[in-house]
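Here the working numbering is used: the first residue of the sequence shown is 4, the next is one more, and so on.
All C-beta atoms in this analysis are idealised placements derived from N, C-alpha and C, irrespective of residue type, glycine included.
On a predicted model such as this, the values are computed, not experimentally measured, just so you know.
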Amino acid sequence: MSSNGSEPVVNSLLELSVLHAMSAINIMVCSEFIGLFGIAANIVNMINFRRQGFKDGVNVTLFALSFCDLGALVAHQFSNMCMCPWIRETQLFMLKSHLFTIGFYLNGYFVRVSGWLTSFITFERCLCVVWPLKVKRVITPRTAMLVNLAIVLLLSLYLFPPYYIMNLNWVVLPGGNQTILAIVFKSNRETIMAVYYFIADQFIPYSTILVLLLCTTITVSKLKSKLVWRQSTTLNAANKTSTATLKDRKVVAMLINISIIFIVSLLPQSTLGAAVGLERELKLNGKYFNVLLMCYSFTSLLETINCSVSIFVYYTMSTKYRQEFWKIIRPVILWKNSVFRLMRSETLVTVRSMRFIRQCIRWYVC
């Protein structure tokens, strides 16, 4: 979008009516509702892991992961609101497209932190399977907390280049009745962002996926070999074997589910970022910019789903999580039922009072 708030000049490679319809469905409807659910779900996740305690390093990282997913969803909801056609530029202090840009990079920061935290969890579990006794002495909850903090601080550099090339300036909206803030980019924008796109949209996402795939593959293969060995050496302890086998299968299933969800949600966005870096016509005012917007509506929806569905994985795979979940939810359900009962009783009292008043009036008239 141009600095004066007008719409970008886009050649009609894709019908604008189709673009607007699909963007409205994906971003303003599906992404909004899923995002609101995800915000509530991640708040529940954070409360749950806090109640379980931080004696286990995994709980520390899962708490941090839920916090980052919450931050990504809040930033994404903000960006979606900036794309709402019912909000006018005159109602805001800054151009909508430029507010969207600020929220977009903030969302990208939290998504990349979530990716590295997911890789760290997978790496930690991989080490626990390969060297179970040594790792428990090395990766303590304190170590996990320091690693999480290091990831958060290191990836904060992701925000520096795009915000560095932005300057705020006052511009006059069409009609000349109001001035509004707008972003004016520095002259060295292309040089800085060329390097930035390679690191932020190529190296970070694909290195995350590589670590995730490698650690998951090693963990699954090691667990399978341990299961075969355990079954061959404990033929007389059938019950213990079946219990251990079930526990190991749950670990494998959780790793596979987390890996698939993350890769499916991150890979399309990373591919789209690579395409923007290679094809200039996909950028603002380019010939294929409307195609980019269409693809973004789908990839952003996938990112929203990724940040929102972790509650189902935790609930399905973790017994402790289920127990704490119902301890959190049960008071809410009881409070809701008590409110409904109170409202129903007040309604009945009101109806009976009205009947009594009408009967008294009828007696008085007679």
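Nearest-angstrom Cβ-Cβ length linking Gly106 and Ala78, presumed shorter than 8 Å: As a working note, residue 106 is residue 103 in the sequence shown. As a working note, residue 78 is residue 75 in the sequence shown. About 5 Å; that satisfies the 8 Å criterion.
Option nearest Ile207 by Cα separation, candidates Ile266, Arg192 and Met257: Taking the sequence shown and counting its residues from 1, the one referred to as residue 207 is at position 204. Closest option to Ile207, Cα to Cα, is Ile266.
Spatial neighbours of Arg53 in its chain, beta-carbon cut-off 7 Å, leaving aside the 5 residues before and after: Locating residue 53 in the sequence shown gives position 50, counting from the first residue. Cβ within range, chain order: Phe66.
Three-state secondary structure assigned by DSSP to Asn180: In the sequence shown, residue 180 corresponds to position 177, counting from 1. Asn180 falls in the coil class under three-state DSSP.
Cβ pair Ala44, Ser311 closer than 7 Å: What you label residue 44 is simply residue 41 of the sequence shown in a count that begins at 1. What you label residue 311 is simply residue 308 of the sequence shown in a count that begins at 1. At a Cβ-Cβ threshold of 7 Å, Ala44 and Ser311 count as neighbours.
Rounded distance between the beta-carbons of Ile124 and Val61, thought under 8 Å: Within the sequence shown, the letter at position 58 stands for residue 61. Within the sequence shown, the letter at position 121 stands for residue 124. Confirmed, about 7 Å.
Candidates Trp89, Val141, Leu102 and Leu270: closest to Ser303 by CA position: Along the sequence shown, one-based indexing puts residue 303 at 300. Across the set Trp89, Val141, Leu102 and Leu270, the C-alpha of Leu270 shows the shortest separation from the C-alpha of Ser303.
Beta strand (DSSP E) runs wholly inside the stretch 170 to 219, at least 3 long, in chain order: For the stretch 170 to 219, whole beta strand (DSSP E) runs of length 3 or above, ordered along the chain, are 182 to 188.
Cutoff 6 Å; reference Ile142; Cβ partners in own chain excluding five residues on either side: As a first step, residue 142 is located in the sequence shown; it is residue number 139 there, counting from the start. Taking C-beta separations shorter than 6 Å and ignoring five residues to either side along the sequence, the partners of Ile142 in its chain run Gly60 and Glu127, following chain order.
Where Met97 sits in the DSSP three-state scheme: The residue you call residue 97 lines up with position 94 of the sequence shown. Under the three-state reduction of DSSP output, Met97 falls in the strand class.
Length of the line joining the Cα atoms of Lys227 and Ile332: The residue given as residue 227 occupies position 224 in the sequence shown. The residue given as residue 332 occupies position 329 in the sequence shown. In this model, Lys227 and Ile332 are separated by some 37 Å (Cα to Cα).
Own chain, CB closer than 8 Å to Asn29, minus 5 neighbours either side, in chain order: Within the sequence shown, residue 29 is the residue found at index 26, counting from 1. Around Asn29: Ser300, Phe301, Ser303 and Leu304.
Backbone secondary structure at Glu35 - three-state DSSP: Taking the first residue of the sequence shown as position 1, residue 35 is located at position 32. Note: Glu35 maps to helix in three-state DSSP.
Cβ separation of Met320 and Leu184, assumed to be a contact under 8 Å, to the nearest whole Å: Looking up residue 320 in the sequence shown gives position 317. Looking up residue 184 in the sequence shown gives position 181. Not really, about 47 Å apart at Cβ, beyond 8 Å.
Ala197 versus Gln55: straight-line alpha-carbon distance, rounded: Locating residue 197 in the sequence shown gives position 194, where the first residue counts as 1. Locating residue 55 in the sequence shown gives position 52, where the first residue counts as 1. Answer to the nearest angstrom: the Cα atoms are 44 Å apart.
Residues near Leu215 in its chain [Cβ-Cβ closer than 6 Å; skip 5 each side]: Indexing the sequence shown from 1 puts residue 215 at position 212. For Leu215, the CB contacts under 6 Å within the same chain, skipping 5 residues up- and downstream, are Ser122, Thr125 and Ser262 in chain order.
Alpha carbon of Cys298 to alpha carbon of Val335, nearest angstrom: Residue mapping note: residue 298 aligns to position 295 of the sequence shown, counting from 1. Residue mapping note: residue 335 aligns to position 332 of the sequence shown, counting from 1. When rounded, the distance between both Cα atoms is 39 Å.
Lys243, DSSP secondary structure in three states: Position 240 of the sequence shown, counting from 1, holds the residue named residue 243. The predicted position of Lys243 is uncertain, since its pLDDT is 49 and thus under 50; a value taken from the coordinates is nonetheless stated next. DSSP places Lys243 in helix when its eight states are reduced to three.
Contact check, Lys225 vs Val132, beta carbons under 7 Å: Within the sequence shown, numbered from 1, the residue matching residue 225 stands at position 222. Within the sequence shown, numbered from 1, the residue matching residue 132 stands at position 129. Taking 7 Å as the Cβ cut-off, Lys225 and Val132 qualify as a contacting pair.
Alpha-carbon to alpha-carbon, Gln181 and Ser210: Locating residue 210 in the sequence shown gives position 207, counting from the first residue. Locating residue 181 in the sequence shown gives position 178, counting from the first residue. So the two alpha carbons sit approximately 47 Å from each other.
First and last residue of the uninterrupted alpha helix (DSSP H) at Ser300: Numbered from its first residue, the sequence shown carries residue 300 at position 297. Per DSSP, Ser300 is one residue of the alpha helix (DSSP H) stretching across Phe292 to Ser311.
Sequence-distant residues of its chain with Cβ nearer than 7 Å to Asp204 (five each side left out): As a working note, residue 204 is residue 201 in the sequence shown. Within the same chain, Asp204 has close Cβ partners Ser273, Gly276, Ala277 and Gly280.
Same chain, Cβ closer than 8 Å to Asn191, neighbours up to 5 away in sequence not counted: For the purposes of this step, residue 191 is taken as the residue at position 188 of the sequence shown. Taking C-beta separations shorter than 8 Å and ignoring five residues to either side along the sequence, the partners of Asn191 in its chain run Ile168, following chain order.
Ala247 versus Val150: straight-line alpha-carbon distance, rounded: As a first step, residue 247 must be located in the sequence shown, where it is residue number 244. As a first step, residue 150 must be located in the sequence shown, where it is residue number 147. Any answer about Ala247 is weak, because its pLDDT of 48 lies below 50 and its placement is not dependable; what the coordinates show is given next. Their backbone Cα atoms lie some 30 Å apart in a straight line.
With 16 other Cβ atoms within 10 Å as the buried cut-off, status of Lys99: Here residue 99 is taken as the residue at index 96 of the sequence shown, counted from 1. Buried, by the Cβ-count rule.
Beta-carbon proximity of Pro164 to Tyr199, cut-off 7 Å: Along the sequence shown, one-based indexing puts residue 164 at 161. Along the sequence shown, one-based indexing puts residue 199 at 196. Result yes, Cβ atoms of Pro164 and Tyr199 sit closer than 7 Å.
Rounded separation between Phe81 and Cys33 - CA only: In the sequence shown, counting from the first residue as 1, residue 81 sits at position 78. In the sequence shown, counting from the first residue as 1, residue 33 sits at position 30. About 15 Å.
Contact belief for Gly120 with Cys85 at Cβ below 8 Å, rounded distance in angstroms: For this step, residue 120 is matched to residue 117 along the sequence shown. For this step, residue 85 is matched to residue 82 along the sequence shown. Residue identity check: residue 120 is Leu in the sequence provided, not Gly. Contact between Leu120 and Cys85 is ruled out by a C-beta separation of about 27 Å, above the 8 Å threshold.
Where Asp59 falls: helix, strand or coil (DSSP): Taking the sequence shown and counting its residues from 1, the one referred to as residue 59 is at position 56. If DSSP states are grouped into helix, strand and coil, Asp59 belongs with coil.
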